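>
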Amino acid sequence: PEMDGIEATAEIVAQYPHIKIIMLTVFDDEQRIFNAIQAGAMGYLLKDEPPQKLHESIKMIMDGGAPMSPTIAAKSLKLLRNPIRAESETTGENFNLGKREVEVLEQLSQGLDYQKIAENLFISPATVRKHIENIYRKLQVNNKMRAVNKAIRHNII
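Counting from 74, one number per residue, gives the positions in the sequence shown under the numbering used here.
1. Counting only the same chain and skipping the five closest in sequence on each side, list residues whose C-beta sits under 7 Å from that of SER161.
2. With a 10 Å radius around its C-beta and 16 neighbouring C-beta atoms as the bar for buried, classify HIS128 as buried or exposed.
3. For ASP136 and ASN216, what's the separation of their Cα atoms in angstroms?
4. According to DSSP, simplified to helix, strand and coil, what is TYR89?
5. Indicate whether ASN108 and ARG226 have their beta-carbon atoms separated by less than 7 Å.
6. By the DSSP assignment, the alpha helix (DSSP H) with MET218 in it spans what residues?
7. Nearest to LYS132 by alpha carbon, out of ILE94, ARG154, LYS151, THR144?
8. Can you tell which of LEU194, ALA191, GLN183 has the C-alpha that lies nearest to the C-alpha of GLU84?
9. In terms of DSSP beta bridges, what is TYR117 paired with?
10. As a quick exercise: from GLU75, LEU170, TYR117, pick the residue whose alpha carbon is nearest that of LYS148.
11. May I have the straight-line CA-CA distance separating ASP186 from ILE106, to the nearest angstrom?
12. Find out if the Cβ-Cβ distance for the pair ALA224, LEU178 is shorter than 7 Å.
13. Is the distance from the Cβ of ILE134 to the Cβ of ALA112 below 7 Å?
14. For MET96 and ALA87, what's the separation of their Cα atoms in angstroms?
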């Protein structure tokens, strides 16, 4: 696969923010839970949940809830109590992004096009394009969605 479920979640939420995503997975480690929620997952269920629970969870998410397997809910509460630990695990490297590159990334995350970013930052569209090329190279990605997703996951923006 080109991307994992967490990356796919971030891309879907970025393109279609009204869509509600429930992660259905075998993974129950804190890091994946944290990353999935940061990426935009509204629920997190383990695959060993009975079909009825999945059905109830879909109804719950449509009513504004956030369904989780009981063990996942407990781990989520633990993450909320210790956010510094969770954030430090995902922060990792800073990728040597410059201040202006981070500003461009922030604008990209808002869905703005090159022209609007250029206007907002008082630079030319060609300069925006160059910053984005540098961002892609430094983050080792090949499109805007992946750049924004990676920046969010590593607490750059």
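C-beta: ideal position from N, C-alpha, C; glycine also. In this text the structure is predicted, and so the values were computed from the model without any measurement.
Considering the structure as presented:
1. Reliability fails at SER161, whose pLDDT of 43 lies under 50, so the model's placement of it is uncertain and the value that follows must be treated cautiously. So no residue of the chain qualifies.
2. exposed
3. 34 Å
4. coil
5. yes
6. 217-226
7. ILE94
8. GLN183
9. MET96, MET141
10. TYR117
11. 31 Å
12. yes
13. no
14. 16 Å
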